[in-house]
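For what it's worth, the numbering used here labels the leading residue of the sequence shown as 21, then goes sequentially. Working notes, beginning with the structure itself.
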Amino acid sequence: MAGKATFTLKDGESGEIELRSEDIEEIVPDADFRFSLLILKNGDKYFVSGTKDEIEEKLGANASL
21 MAGKATFTLK DGESGEIELR SEDIEEIVPD ADFRFSLLIL KNGDKYFVSG
71 TKDEIEEKLG ANASL
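Here you go:
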């Protein structure tokens, strides 16, 4: 089963987004490494809180749920 997790959107965007690991095409770290750009397979892009490692860990931790 794919990991699914909820992420907080970067300042300027309100709310959270729930994503499955299989929906994510690429995770690009921001210059300050506090945020990451998630590029989805459908072309959508979201800046979320967390480093690439934190995001991958969060998705992986929820894969067994």
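Where is the CB? At the ideal position from N, CA and C, for every residue including glycine.
Alpha carbons only, please: which of 59, 27, 34, 51 is nearest the one belonging to residue 45?
Ranked by how close their Cα comes to the Cα of residue 45, the residues 59, 27, 34, 51 have 59 in first place.
Reference residue 68, options 42, 34, 62, closest by Cα:
Comparing Cα positions, the closest option is 34.
Please name the residue, chosen from 37, 47, 63, 64, that lies closest to residue 71 on a Cα-to-Cα basis.
Among 37, 47, 63, 64, the Cα nearest to that of residue 71 is on 47.
For the alpha helix (DSSP H) that residue 38 lies in, which residues bound it at each end?
For residue 38, there is no enclosing alpha helix (DSSP H); the enclosing beta strand (DSSP E) has its first and last residue at 36-40.
Which class does residue 30 belong to by DSSP, given the choice of helix, strand or coil?
Note: residue 30 maps to coil in three-state DSSP.
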